[in-house]
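Engineer:
There are 2 protein chains.
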Amino acid sequence: MNANPLRIVFHGQNAAQFRPGMEALIGNRHQIETVDDDLSTDAAVEAFTRADVLIGIRLQVPMPPLHQLRLYHAPAAGTDAIDASLLPPGCSLCNCFGHEQAIAEYVFAALLIGHVPLAQADRDLRQQRWTYWAGAPGALRTELGSQTLGIIGLGHIGQTIAARARAFGMRVHGCNRSAGPADCVDQFWPLDQLDNFMASIDAVVVTLPLLPDTRSLVGARALAALAPHAVLINVGRGPVVDEQALYEALKSRRLNAAIIDTWYRYPSAGQTTAAPAHLDFASLDHVLMTPHMSGWTHGTVRRRQQTLADNIQRLAEGRPLLNLLRGPTPRSN
Amino acid sequence: MNANPLRIVFHGQNAAQFRPGMEALIGNRHQIETVDDDLSTDAAVEAFTRADVLIGIRLQVPMPPLHQLRLYHAPAAGTDAIDASLLPPGCSLCNCFGHEQAIAEYVFAALLIGHVPLAQADRDLRQQRWTYWAGAPGALRTELGSQTLGIIGLGHIGQTIAARARAFGMRVHGCNRSAGPADCVDQFWPLDQLDNFMASIDAVVVTLPLLPDTRSLVGARALAALAPHAVLINVGRGPVVDEQALYEALKSRRLNAAIIDTWYRYPSAGQTTAAPAHLDFASLDHVLMTPHMSGWTHGTVRRRQQTLADNIQRLAEGRPLLNLLRGPTPRSN
Numbered sequence: 001m002n003a004n005p006l007r008i009v010f011h012g013q014n015a016a017q018f019r020p021g022m023e024a025l026i027g028n029r030h031q032i033e034t035v036d037d038d039l040s041t042d043a044a045v046e047a048f049t050r051a052d053v054l055i056g057i058r059l060q061v062p063m064p065p066l067h068q069l070r071l072y073h074a075p076a077a078g079t080d081a082i083d084a085s086l087l088p089p090g091c092s093l094c095n096c097f098g099h100e101q102a103i104a105e106y107v108f109a110a111l112l113i114g115h116v117p118l119a120q121a122d123r124d125l126r127q128q129r130w131t132y133w134a135g136a137p138g139a140l141r142t143e144l145g146s147q148t149l150g151i152i153g154l155g156h157i158g159q160t161i162a163a164r165a166r167a168f169g170m171r172v173h174g175c176n177r178s179a180g181p182a183d184c185v186d187q188f189w190p191l192d193q194l195d196n197f198m199a200s201i202d203a204v205v206v207t208l209p210l211l212p213d214t215r216s217l218v219g220a221r222a223l224a225a226l227a228p229h230a231v232l233i234n235v236g237r238g239p240v241v242d243e244q245a246l247y248e249a250l251k252s253r254r255l256n257a258a259i260i261d262t263w264y265r266y267p268s269a270g271q272t273t274a275a276p277a278h279l280d281f282a283s284l285d286h287v288l289m290t291p292h293m294s295g296w297t298h299g300t301v302r303r304r305q306q307t308l309a310d311n312i313q314r315l316a317e318g319r320p321l322l323n324l325l326r327g328p329t330p331r332s333n
Numbered sequence: 334m335n336a337n338p339l340r341i342v343f344h345g346q347n348a349a350q351f352r353p354g355m356e357a358l359i360g361n362r363h364q365i366e367t368v369d370d371d372l373s374t375d376a377a378v379e380a381f382t383r384a385d386v387l388i389g390i391r392l393q394v395p396m397p398p399l400h401q402l403r404l405y406h407a408p409a410a411g412t413d414a415i416d417a418s419l420l421p422p423g424c425s426l427c428n429c430f431g432h433e434q435a436i437a438e439y440v441f442a443a444l445l446i447g448h449v450p451l452a453q454a455d456r457d458l459r460q461q462r463w464t465y466w467a468g469a470p471g472a473l474r475t476e477l478g479s480q481t482l483g484i485i486g487l488g489h490i491g492q493t494i495a496a497r498a499r500a501f502g503m504r505v506h507g508c509n510r511s512a513g514p515a516d517c518v519d520q521f522w523p524l525d526q527l528d529n530f531m532a533s534i535d536a537v538v539v540t541l542p543l544l545p546d547t548r549s550l551v552g553a554r555a556l557a558a559l560a561p562h563a564v565l566i567n568v569g570r571g572p573v574v575d576e577q578a579l580y581e582a583l584k585s586r587r588l589n590a591a592i593i594d595t596w597y598r599y600p601s602a603g604q605t606t607a608a609p610a611h612l613d614f615a616s617l618d619h620v621l622m623t624p625h626m627s628g629w630t631h632g633t634v635r636r637r638q639q640t641l642a643d644n645i646q647r648l649a650e651g652r653p654l655l656n657l658l659r660g661p662t663p664r665s666n
């Protein structure tokens, strides 16, 4: 198909990781450039302002104006750091998924390791102690597959976790604004029955994005409704779980354990170290703390590159875009 | 149904763990006793010799004769320590499965933890270092779902692992004497093509029992066929993988990593410590060593109790037994 070449600019360190190998996906017709986060050279500013397609995760005042941009594409799901009011009228805004498989692997690694004490068993057997030997008294372990998993949020991530949970034999309860695909969970609870949902499960995974009505959605009352043995996992956004309520539930041991990947504070640009919260979660030994890593795999990059490439082809050929968050106004095609 | 009460004896420490709660499954009509491994009292010997149903994992000379035994039931899959020639002619020999779900959880805990560096991430973030933060250069991790899993042995365990592997998006290759259920793997290799099978996969799980023709089945040539990044998991029986060949492949780093749950040496009765092999696997840091624990969960006990109860009911009612390894000769029913 005859399509116009585009000026494609990868903006910043995050976007740059999706650059290698793009020619193999979109051919050599397009002009591809990579510019740094700070647009620290005149050439970078020039490339930025003249881009047809910008790939990045941050667009904020006082970045240079975008005169002819037709597509701003986040290589990520979240677009909360992209000020859409800075996009010119003819520009579309799209995002990417493809992280749900990676996040599910993180979730099941964390859940399974709570049932299979591999590290302790290895330490002991290296000293010739057969601590968890089958048949020995007291050696029996618990089983993930015998449990009920609760999932808050039934989007890409929630559904992907649900499918793997069922493969392990788990019962799956979902809590969401809307029911999602009819058969993706065994039992569905609307958000206004969150406390009853929490009381029905052995482990809960929060997968929701941060929106005005999801902030602190999981608060003290919902946490108190969990069973004493329950574990909470947050791979959505930190503040969906109220920080103070989570800290106090853990500190008082009313909450058995938490696995937290999404946080309340993040390093600023250039910072190499930073506390991930206002409260001292690092003082608690029944929390597994990870640095917003759950979705970040080579597979995620590869799947998102495919989405970027598909949409660049679609734009060049005047076909409808995928994962469209905001279309052009007025329509440019 | 009108059925005769039976004298049921749980023999030894292992069997005793299947005793609690049996009345809830088989009712109160039967007489249930538990005796110690050594039959150290006259009462224990008496109960043993008069049993209708014996539940145990070890039957060897010079144990007392079993005059009226109708069913010897292992609460385990393996019956290699049960000398069937000691069973009276009218006696059936049965075994139990129900461990495959637990073993699959062990396998996926061990596989996933190789891709998701939870422990390191936790250690670092507690010191405010965001080592694996999404988007950071060098932070990308690998993904289990992008890989091909090889499974040697396509029985209960192999099929259960295959189903979970597919839920994670893995490609599954199987190597077995016979093909098993047609659709349980994506590609099947007969045992005489073991080396080609080994060359086709990223991780391999050995699930085979120890039989004359499986001993040292996985030897130096098969191990050498694995890719440099491959990992080997043994949850079948230790000697199915040749000890010397495995040790040398690991020692020379031709084999990237191994997760070993089934071993070459086990503690004798009464021993509290014992090396699990003749060679010094504990000196290798790229081996995860666990003490034959993979199948030992509360869920396994519950599922096996159900099999024991089903067969006791069937025996009492004269119906055909499940998991029959050896029937009565001549038929007693």
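Keeping their order, the protein sequence lines are chains A and B.
Residue numbers are given in my numbering: position 108 of the first sequence equals residue 108, and the series is strictly consecutive.
Just so we're on the same page, my numbering is the position in the second sequence counted from 1, plus 333.
From the three backbone atoms N, C-alpha and C, an ideal C-beta is built for every residue, glycine too.
#1: Select from A:185, A:9, A:102 and A:39 the residue whose C-alpha is nearest the C-alpha of residue 69 of chain A.
#2: Beta strand (DSSP E) containing residue 622 of chain B: first to last residue?
#3: For the putative contact between residue 266 of chain A and residue 278 of chain A, defined by C-beta atoms under 8 Å, what is the C-beta separation to the nearest angstrom?
#4: Ignore the nearest five residues each way along the sequence and tell me which others in residue 480 of chain B's own chain have a CB closer than 7 Å to its CB.
#5: With 16 as the cutoff for other CB atoms within 10 Å, does residue 417 of chain B come out buried or exposed?
#6: Can you give me, in chain order, the residues of the stretch 14-42 of chain A that have a beta carbon less than 8 Å from any beta carbon in chain B?
#7: Taking Cβ positions only, does residue 146 of chain A come closer than 9 Å to chain B?
#8: Return the CA-CA distance between residue 609 of chain B and residue 554 of chain B, expressed in angstroms with no decimal places.
#9: List the endpoints of the continuous alpha helix (DSSP H) containing residue 34 of chain A.
#10: Give a yes or no on whether the minimum CB-CB distance between residue 268 of chain A and chain B is below 9 Å.
#11: Nearest chain B C-beta to residue 183 of chain A closer than 9 Å, yes or no?
#12: Closer than 9 Å, Cβ to any Cβ of chain B: which residues of the stretch 290-303 of chain A, in chain order?
#13: Have a look at residue 334 of chain A and residue 226 of chain A and give me their C-alpha separation to the nearest angstrom.
#14: Run through the DSSP bridge pairs and tell me what residue 101 of chain A is partnered with.
#15: When burial is assigned at 16 or more other CB atoms within 10 Å of the CB, is residue 331 of chain A buried or exposed?
#16: Are the C-beta of residue 605 of chain B and some C-beta of chain A separated by less than 9 Å?
#17: What in chain B is Cβ-close to residue 168 of chain A, meaning under 9 Å?
#18: Taking DSSP as the reference, what is the three-state secondary structure of residue 423 of chain B?
#19: Out of curiosity, what's the CA-to-CA distance linking residue 566 of chain B and residue 582 of chain B?
#20: Between the C-alpha atoms of residue 347 of chain B and residue 231 of chain A, what's the straight-line distance to the nearest angstrom?
#21: Whole angstroms is fine: what's the gap from residue 258 of chain A's alpha carbon to residue 114 of chain A's?
#22: Hey, which unbroken runs of the beta strand (DSSP E) at 3 residues or more fall wholly within the stretch 371-414 of chain B?
#23: Does any heavy atom of the ligand MN sit closer than 8 Å to the C-beta of residue 443 of chain B?
#24: Mapping the DSSP letters down to three states, classify residue 541 of chain B as helix, strand or coil.
#25: If the cut-off is 8 Å on Cβ atoms, which residues from the stretch 536-555 of chain B count as contacting chain A, listed in chain order?
#26: Would you report the Cα separation of residue 455 of chain B and residue 642 of chain B, rounded to the nearest angstrom?
#27: For chain A, find out if any of its Cβ atoms is closer than 9 Å to the Cβ of residue 490 of chain B; answer yes or no.
#28: Taking C-beta to C-beta, are residue 434 of chain B and residue 493 of chain B nearer than 9 Å?
#29: Using a Cβ-Cβ distance cut-off of 9 Å, determine whether residue 116 of chain A contacts chain B.
#30: Can you tell me the Cβ-Cβ gap for residue 105 of chain A and residue 449 of chain B, rounded? I've got them flagged as a contact below 8 Å.
#31: Less than 8 Å between C-beta atoms, sequence neighbours within five positions excluded: which residues of the same chain meet that for residue 656 of chain B?
#32: Counting only the same chain and skipping the five closest in sequence on each side, list residues whose C-beta sits under 7 Å from that of residue 327 of chain A.
#33: Would residue 540 of chain B and residue 488 of chain B be called neighbours here (beta carbons separated by less than 9 Å)?
#34: Name the chain B residues whose beta carbon is nearer than 9 Å to that of residue 254 of chain A?
#35: DSSP beta-bridge partners for residue 483 of chain B?
#36: When you check each C-beta in the stretch 560-593 of chain B against every C-beta of chain A, which residues fall closer than 7 Å?
Structural biologist: Short version:
#1: A:9
#2: Unbroken beta strand (DSSP E) run through residue 622 of chain B: 620-622.
#3: The Cβ separation is near 12 Å, so there is no contact.
#4: 503, 535 and 536
#5: exposed
#6: Those residues of the stretch 14-42 of chain A that come within reach of chain B (Cβ to Cβ, closer than 8 Å) are 14 and 17.
#7: yes
#8: 24 Å
#9: Secondary structure note for residue 34 of chain A: it is in no alpha helix (DSSP H), and the uninterrupted beta strand (DSSP E) holding it is 31-35.
#10: At least 9 Å separates the CB of residue 268 of chain A from every CB of chain B.
#11: no
#12: Within the stretch 290-303 of chain A, the residues whose Cβ lies closer than 9 Å to any Cβ of chain B are, in chain order, 290, 291, 292, 293, 294, 295, 296, 297, 298, 299, 300, 301 and 302.
#13: For residue 334 of chain A there is no data in the structure shown, the boundaries of chain A being 1 and 333.
#14: Answer is none; residue 101 of chain A lacks a bridge partner.
#15: Note on residue 331 of chain A: pLDDT 47, under 50, position unreliable in the model; the coordinate value appears next. Its Cβ having fewer than 16 others within 10 Å, residue 331 of chain A is exposed.
#16: A Cβ of chain A is located within less than 9 Å of the beta carbon of residue 605 of chain B.
#17: Residues of chain B with a Cβ closer than 9 Å to the Cβ of residue 168 of chain A are, in chain order, 434, 437, 438, 441, 497 and 500.
#18: coil
#19: Each residue's Cα considered, the two are about 14 Å apart.
#20: 31 Å
#21: 11 Å
#22: 386-388 and 404-406
#23: This structure does not include the ligand MN; it has no bound ligands of any sort.
#24: coil
#25: none
#26: 45 Å
#27: no
#28: Less than 9 Å separates the beta-carbon of residue 434 of chain B from that of residue 493 of chain B.
#29: yes
#30: About 6 Å separates the CB atoms of residue 105 of chain A and residue 449 of chain B; that is less than 8 Å, so the two are in contact.
#31: 427, 428, 429, 430, 640 and 644
#32: 92
#33: yes
#34: Under the 9 Å cutoff, chain B gives no residues; its nearest Cβ is about 22 Å from residue 254 of chain A.
#35: B:506 and B:537
#36: none
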